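Colleague:
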Amino acid sequence: MNIYKSFLLLVPLLGATLLKAQSVRELSSIQVKEAKQAVAVDGGFFYVINNSTISKYSKKTNALVKTWNGENDGIKHLNSGVVIKGKLYCANTNYPEIPMASSLEIFDVNSMEHIGSHSFGIAPHGSLTWVDQKDGSWYAGFAHYGGKEASEGRDVRWTSLVRFDMEWRELESWIFPKNLIALFTPKSNSGGGWGADGSLYCTGHDRPELYVLKLPKSGYTLEHVATIPAPIEGQGIAFDHTAKGTVVLYGIKRSENVVTVSEIK
């Protein structure tokens, strides 16, 4: 094979990393013992999510304000959370049980009381790991896993992004590109959300990376725009949409029980 042909084969791979030169700068890190699954954020607080608990912390002082515990209500595996108009929406699953079942649990951020639930039951797309809203639609990440956690013959390749209307009627869905499936394996897509720049950012289970994606012009596969090193270890992420003129990301390092705050440029 000549050099020109070799270069043509490399172009799609290079494009995923060079098309959009972004970087992540860590602004601060906060030691939080509950930092195991995810973090959500709003104007004054951040919410640390760990399996059965949600802990509300002040952004100004990093002090614990209140904790909600759902263990007695059967909540075993909260995956992520996002704050929208005063409500905290958390993805909840029965992981690692099979068949996979999922729900969306809803909380009032002021009182930290549980105020609602939307059950997906045994969702055909897999296990719900994250949700976000954009342009009047819900977007939800549904995971499939490899190895002994594979469900009914479906492995990580079945992981998908699904768009719903505001009443949770499915509208369309996409799969992840093969190179990201390889990075997710044997786990899956653990977190995601829309940044203020209009890009979709996703994470795997433990890699210190953000995957920048966009919806394709045609077809069914998400377009991988860039991979950005980040001070996180996969898991659930959240954008601080109250930070104007910049893209501020909250994430976690579960091995260190740390919440990180970063700026994407």
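In this text, residue positions in the sequence shown follow my numbering: the first is 495, and each later residue adds one.
The C-beta atom is built at its ideal place from N, Cα and C for all residues, glycine as well.
It should be emphasised that the depicted structure is a prediction, and the values quoted were computed from it without experimental measurement.
Smallest Cα separation from residue 613: which of 606, 622, 607?
Modeller: In the sequence shown, counting from the first residue as 1, residue 613 sits at position 119. When each option's Cα is compared against that of residue 613, the closest is 622.
Colleague: So who's on the other strand from residue 519, going by DSSP bridges?
Modeller: Against the sequence shown, residue 519 aligns to sequence position 25. Answer by DSSP bridge pairing, in chain order: 757.
Colleague: Taking its Cβ as the centre, do 16 or more other Cβ atoms sit within 10 Å of residue 531, making it buried, or is it exposed?
Modeller: On the sequence shown, residue 531 is found 37 positions in, with the first residue counted as 1. Per the 10 Å Cβ criterion, buried.
Colleague: Using the Cα positions of residue 741 and residue 759, report the straight-line distance between them to the nearest angstrom.
Modeller: Start at 1 with the first residue of the sequence shown, and residue 741 comes out as number 247. Start at 1 with the first residue of the sequence shown, and residue 759 comes out as number 265. About 7 Å.
Colleague: What do you reckon, are the CB atoms on residue 533 and residue 746 nearer than 8 Å?
Modeller: Taking the first residue of the sequence shown as position 1, residue 533 is located at position 39. Taking the first residue of the sequence shown as position 1, residue 746 is located at position 252. Yes, Cβ-Cβ distance for residue 533 and residue 746 is below 8 Å.
Colleague: Between residue 548 and residue 636, what straight-line distance do the alpha-carbon atoms span, to the nearest angstrom?
Modeller: As a first step, residue 548 is located in the sequence shown; it is residue number 54 there, counting from the start. As a first step, residue 636 is located in the sequence shown; it is residue number 142 there, counting from the start. Between residue 548 and residue 636, the C-alpha separation is close to 21 Å.
Colleague: Does the beta-carbon distance from residue 588 to residue 598 come in below 8 Å?
Modeller: Locating residue 588 in the sequence shown gives position 94, where the first residue counts as 1. Locating residue 598 in the sequence shown gives position 104, where the first residue counts as 1. Not in contact: residue 588 and residue 598 (Cβ atoms no closer than 8 Å).
Colleague: What separation, rounded to the nearest whole angstrom, lies between the Cα atoms of residue 600 and residue 572?
Modeller: Indexing the sequence shown from 1 puts residue 600 at position 106. Indexing the sequence shown from 1 puts residue 572 at position 78. Cα to Cα, residue 600 sits roughly 12 Å from residue 572.
Colleague: Note down the Cα distance separating residue 639 from residue 657, rounded to an integer number of angstroms.
Modeller: Along the sequence shown, one-based indexing puts residue 639 at 145. Along the sequence shown, one-based indexing puts residue 657 at 163. Rounded to the nearest angstrom, the two C-alpha atoms are 21 Å apart.
Colleague: On the DSSP bridge assignment, give the partners of residue 733 in chain order.
Modeller: Taking the sequence shown and counting its residues from 1, the one referred to as residue 733 is at position 239. Note: residue 733 sits in a beta bridge opposite 743.
Colleague: What is the rounded straight-line gap between the Cα of residue 744 and the Cα of residue 592?
Modeller: Walking along the sequence shown from the start, residue 744 turns up at place 250. Walking along the sequence shown from the start, residue 592 turns up at place 98. Cα to Cα, the separation comes out at about 31 Å.
Colleague: Can you say whether residue 517 is buried or exposed, counting buried as having 16 or more other CB atoms within 10 angstroms of its CB?
Modeller: In the sequence shown, residue 517 corresponds to position 23, counting from 1. It counts as exposed.
Colleague: Span of the beta strand (DSSP E) holding residue 529?
Modeller: Taking the first residue of the sequence shown as position 1, residue 529 is located at position 35. Premise fails: residue 529 is in no beta strand (DSSP E) and is neither H nor E.
Colleague: Leaving out five residues before and five after residue 537 in sequence, what residues of the same chain have Cβ atoms less than 6 Å from its Cβ?
Modeller: Within the sequence shown, residue 537 is the residue found at index 43, counting from 1. Excluding positions up to five away in sequence, the list reads 736.
Colleague: Measure the C-alpha to C-alpha separation of residue 497 and residue 671 and round it to an integer number of angstroms.
Modeller: Numbered from 1 along the sequence shown, position 3 holds the residue referred to as residue 497. Numbered from 1 along the sequence shown, position 177 holds the residue referred to as residue 671. Confidence at residue 497 is low in this model, with a pLDDT of 37, below 50, so the placement of that residue is unreliable and no value is reported for it.
Colleague: Who are the near neighbours of residue 576 in its chain, counting only those whose CB is closer than 7 Å to its CB and skipping five residues on each side?
Modeller: For the purposes of this step, residue 576 is identified with residue 82 of the sequence shown, where counting begins at 1. 534, 583, 625, 626, 687, 732.
Colleague: Give the C-beta separation of residue 725 and residue 717 to the nearest angstrom, bearing in mind that I take them to be a contact with Cβ-Cβ under 8 Å.
Modeller: The residue labelled residue 725 in the question sits at position 231 within the sequence shown. The residue labelled residue 717 in the question sits at position 223 within the sequence shown. So it is not a contact: roughly 25 Å between Cβ atoms.
Colleague: In whole angstroms, what separates the C-alpha of residue 590 from that of residue 643?
Modeller: For the purposes of this step, residue 590 is taken as residue 96 along the sequence shown, with counting starting at 1. For the purposes of this step, residue 643 is taken as residue 149 along the sequence shown, with counting starting at 1. Approximately 7 Å, taken between the alpha carbons.
Colleague: Assign residue 702 to one of three DSSP states: helix, strand, or coil.
Modeller: Against the sequence shown, residue 702 aligns to sequence position 208. Residue 702: coil per DSSP, three-state reduction.
Colleague: Alpha carbon to alpha carbon, how far is residue 559 from residue 603? Give it in angstroms, no decimals.
Modeller: In the sequence shown, the residue the question calls residue 603 occupies position 109. In the sequence shown, the residue the question calls residue 559 occupies position 65. If you take the alpha carbons of residue 603 and residue 559, they lie about 11 Å apart.
Colleague: Which residue from 748, 690, 701, 713 puts its Cα closest to that of residue 757?
Modeller: Counting from one through the sequence shown, the residue named residue 757 turns up at place 263. Out of 748, 690, 701, 713, 690 has the C-alpha closest to the C-alpha of residue 757.
Colleague: Could you give the residue range of the beta strand (DSSP E) that holds residue 586?
Modeller: For the purposes of this step, residue 586 is taken as the residue at position 92 of the sequence shown. Residues 581 to 587.
Colleague: With residue 719 and residue 704 assumed to form a contact (beta carbons below 8 Å), what rounded beta-carbon distance in angstroms separates them?
Modeller: Against the sequence shown, residue 719 aligns to sequence position 225. Against the sequence shown, residue 704 aligns to sequence position 210. Rounded, the Cβ-Cβ distance is 11 Å, inconsistent with contact.
Colleague: Can you tell which of 702, 539, 666 has the C-alpha that lies nearest to the C-alpha of residue 729?
Modeller: Within the sequence shown, the letter at position 235 stands for residue 729. The shortest Cα separation from residue 729 among 702, 539, 666 belongs to 702.
Colleague: Which runs of the alpha helix (DSSP H) at least 4 residues long sit entirely within the region 629 to 692? Give them in chain order.
Modeller: Those alpha helix (DSSP H) runs which fall completely within the region 629 to 692 and span 4+ residues are 672 to 678.
Colleague: Taking only three categories from DSSP, how would you classify residue 602?
Modeller: By 1-based counting over the sequence shown, the position of residue 602 is 108. Strand, per DSSP.
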